[in-house]
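Residue numbers (our numbering): 882 to 945.
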């Protein structure tokens with residue numbers, strides 16, 4: 882139970898909070914370097930895709 886809590890906190894910090902902060906920094910710097918901004922946009926699209934797929938597969942496997 883405690884291990885699950887720690888893992889979830891680490892996932893939230895490393896998977897959402899840190900990338901969110903780095904994306905924010907990239908947008909705020911606005912120095913014309915589109916490579917870093919493109920990287921973070923791709924990251925968030927992939928995270929969103931995995932989130933949708935996770936919810937969909939959970940519903941399918943739960944129904945099966």
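Even glycine gets a Cβ: it sits at the ideal position worked out from N, Cα and C.
query	result
Going straight from the alpha carbon of residue 945 to that of residue 935, what length do you get?	15 Å
Using the three-state DSSP reduction, which class does residue 912 fall into: helix, strand or coil?	coil
Starting from the C-beta of residue 883, find all residues in its chain whose C-beta is less than 6 Å away, skip the five residues before and the five after it, and write them out in chain order.	none
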